[in-house]
Amino acid sequence: MSDLTCSPPICAALPDRALLRISGADAAGFLNPLISSDVASEAGHAAYAALLTPQGKFLHDFLIYTVAEGDLLVDVAAERRADLKRRLTLYRLRAKVELTELEGWQGYALFGGGQTPEIPEGGVLFADPRLPALGWRLWLPEGVAPPLTITGSDAYEAHRIALGVPDGVRDIEVDKGLLLENHFEALHGVDFRKGCYIGQELTARTKYRGLLKKQLYRVEGSGDLPAPGTPITANGGQEVGQLRSVSGSSGLALLRLDATSQELDAAGVALTAIRPDYAGPVPEAKT
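For what it's worth, numbering that gives the first Met the number 0 labels the leading residue of the sequence shown as 0, then goes sequentially.
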């Protein structure tokens, strides 16, 4: 085994993440009919999922960790946690569940090393269910330091962007984005074998009728990229996409599939589009 495989992971603080606890006898049964993938039934496992509008458009994405039967932790963007709780509460009705915004916890991303880290007592550690290369997610009570050297969140951002993995509303437009535009199937964030869930019809139709016209791509610039939201043009001016997350000269962009091999430009910076390795071949239109 190489030294690289045995090296400790990088530990990046994630101040923009927060926890929502869903607890009670009906926790998993309450959540499963609402979201795009299945809650992990076995304690100690995690799932990736989204909550959609009834029309199948993106609202939230999150990681769900099963602590025990009837005890779920939802790892969600901090600025979107209250909205997620509000929307889930609308569906609670008579279900025996409680939704609690947990305070006093700090999240970390651990990546880039082969060793599974040990964690202090009282912490929560789980493998990121999207891609093995994303490593682990660690949650510790405030004041408890991780047993690793902490780097800033920029290091994780650069890693995530290099992998071509979207990050919630930073990369997916609320009330407009589609799951398959953003590789949710390849990232284990949508299950086409489960029963009905909110927004299922459009998601299934997009897959089985081959309706995708654009998807998320990595882009590499000839220099530092402009701000997220900058339009991307091809062939001297036709708009074919938009920049999303940016890290130096690397970024993510939602691009028309028929334009990814063209000469691309974002505010004067030449771009090369690169399909994420995990995403598989470009989906074909079906007749």
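Backbone N, C-alpha and C fix where the C-beta goes; we use that ideal spot for every residue, glycine too.
Compute the distance between the beta-carbons of residue i and residue j, then report whether it is under 8 Å.
i           : j           : result
residue 20  : residue 99  : yes
residue 9   : residue 109 : yes
residue 190 : residue 36  : yes
residue 242 : residue 227 : yes
residue 223 : residue 248 : yes
residue 218 : residue 176 : no
residue 86  : residue 50  : yes
residue 278 : residue 185 : yes
residue 112 : residue 7   : yes
residue 225 : residue 266 : yes
Hey, could you find the ends of the beta strand (DSSP E) residue i is sitting in?
i           : result
residue 21  : 16-22
residue 59  : 57-67
residue 244 : 237-246
residue 293 : Nothing can be reported for residue 293, as the shown portion of the chain is limited to 0 through 286.
residue 48  : 45-51
residue 230 : 230-233
residue 136 : 135-140
residue 99  : 97-101
residue 127 : Looking at the DSSP string, residue 127 is not in any beta strand (DSSP E), and its letter there is neither H nor E.
residue 54  : Here residue 54 belongs to no beta strand (DSSP E), and DSSP marks it neither H nor E.
residue 76  : 70-76
Taking 6 Å as the limit between beta carbons, can you name the residues of its chain near residue i, skipping five residues before and five after?
i           : result
residue 169 : 244
residue 3   : In this prediction, residue 3 scores a pLDDT of 42, lower than 50, which makes its location untrustworthy; no coordinate-derived value is stated.
residue 0   : Because the pLDDT at residue 0 is just 31, under 50, the model does not fix this residue reliably, and the point stays unresolved.
residue 73  : 19, 61, 63
residue 155 : 11, 108
residue 24  : 69, 95
Among the options, which residue has its Cα nearest to the Cα of residue i?
i           : options            : result
residue 183 : 163, 111, 12, 144  : 163
residue 13  : 78, 86, 229, 113   : 78
residue 90  : 197, 103, 160      : 197
residue 130 : 272, 187, 283, 151 : 187
residue 274 : 71, 160, 75        : 160
residue 144 : 133, 113, 105      : 105
residue 289 : 173, 32, 142, 127  : Beyond the ends of the chain as shown, which are 0 and 286, falls residue 289; an answer cannot be given.
residue 194 : 11, 24, 34         : 34
residue 42  : 55, 126, 115, 75   : 126
residue 55  : 205, 76, 266, 236  : 205
residue 115 : 134, 236, 192, 260 : 134
Kindly indicate the opening and closing residues of the alpha helix (DSSP H) around residue i.
i           : result
residue 156 : 152-162
residue 200 : 199-207
residue 85  : 80-89
residue 367 : There is simply no residue 367 to check, as the chain begins at 0 and stops at 286 in what is shown.
For residue i, which residues in the same chain have their Cβ closer than 7 Å to its Cβ, ignoring the five residues on either side in sequence?
i           : result
residue 221 : 268, 269
residue 171 : 57, 165, 181
residue 173 : 57, 58
residue 53  : 197, 198
residue 282 : 209, 211
For residue i, I'd like the list of residues in its chain whose CB is within less than 8 Å of its CB, leaving aside the five on either flank, ordered along the chain.
i           : result
residue 71  : 20, 21, 22, 26, 27, 30, 38, 63, 64, 65
residue 264 : 231, 232, 233, 270
residue 157 : 246, 247, 249
residue 88  : 98
residue 93  : none
residue 118 : 124, 137, 139, 145, 146
Inset, instruction - Taking 8 Å as the threshold, find out whether the region 33-47 comes into contact with the region 57-65 through three or more Cβ pairs. - result: Touching, yes.
Legend entry - Inter-stretch contact (C-beta, 8 Å, three-pair minimum) for the region 205-214 and the region 238-255: The region 205-214, when compared against the region 238-255, does touch it at the 8 Å Cβ threshold.
Inset, instruction - Evaluate contact between the region 133-141 and the region 107-124, counting only Cβ atoms and requiring at least three cross-stretch pairs below 8 Å. - result: With the cut-off at 8 Å, the region 133-141 and the region 107-124 touch.
Inset, instruction - Answer yes if the region 75-93 comes into contact with the region 15-31, meaning at least three C-beta pairs across the two stretches below 8 Å, and no otherwise. - result: Yes: the two stretches touch, three or more of their Cβ pairs being nearer than 8 Å.
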